[in-house]
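In our numbering, the protein residues as written are 9 to 242.
Step one of this worksheet: look at the structure below.
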């Protein structure tokens, strides 16, 4: 797998490169944001590993450039000294796929890299339709009545998972695992916040024939209401 690494600490960059190359990955290292952006414009990569604090900017700025201006969906793994929960949440909300705090454990890192590669190569990109909602999994876009809805990376993942499990009760823990990965440092408030935002952005309400509701001490269920149920809740 071709991996682009953005890391300004030469010792850390060398260590990561040794571990990754020992696992038969090809690694291209850049030590600043400008060089990393240039590298991405010259070649394609299967995985991007970003540090946060860099001499000419931040990994978060690079991530925003990737997901926004370039529309690039290449998997991104953050490896950084910043280990606060708020930092993890921020990176994931901006479109990172995984997050590790330094010091890195080699075997865990390689396992995460393998998991990201497996997730990215999963076949079955398709267009899904649920009433007024249309989800294009290849372009990672969601439409309501033909109008594109602006979603963050994780909001899209959450919407896709909920629609694919339409009518099912899903625990907060399961949503955390499916959308954010198994991360003990994130709490269920992250799920509640994203569900609330998603409900508003998608215009989900009983009046529109849809409900995304919390089931006390269990989780969330996205469901399409029958006409009589819409009348009862109106």
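Idealized CB from N, CA, C, for every residue including glycine.
Fair warning: this is a prediction, and the values are worked out from it, not measured in the lab.
In the same chain as residue 223, and ignoring 5 residues on each side of it, the C-beta atoms closer than 7 Å to its own belong to 177 and 229, in chain order. With respect to the C-alpha of residue 137, the residue from 106, 11, 27 and 232 having the closest C-alpha is 232. Rounded to whole angstroms, the separation of the alpha carbons of residue 104 and residue 72 is 10 Å. Apart from sequence neighbours up to five positions away, the residues of its chain that approach residue 175 with a beta-carbon distance below 6 Å are 231, ordered along the chain. When rounded, the separation of the alpha-carbon atoms in residue 219 and residue 91 is 36 Å. The alpha-carbon of residue 149 is positioned some 31 Å away from that of residue 34. Here DSSP, grouped into helix, strand and coil, assigns residue 53 to coil. From the listed residues 196, 186, 179 and 140, the smallest Cα separation to residue 217 is found for 140.
A distance below 6 Å between beta-carbons, with the five flanking residues on each side excluded, links residue 125 to the following residues of its chain, in chain order: 9.
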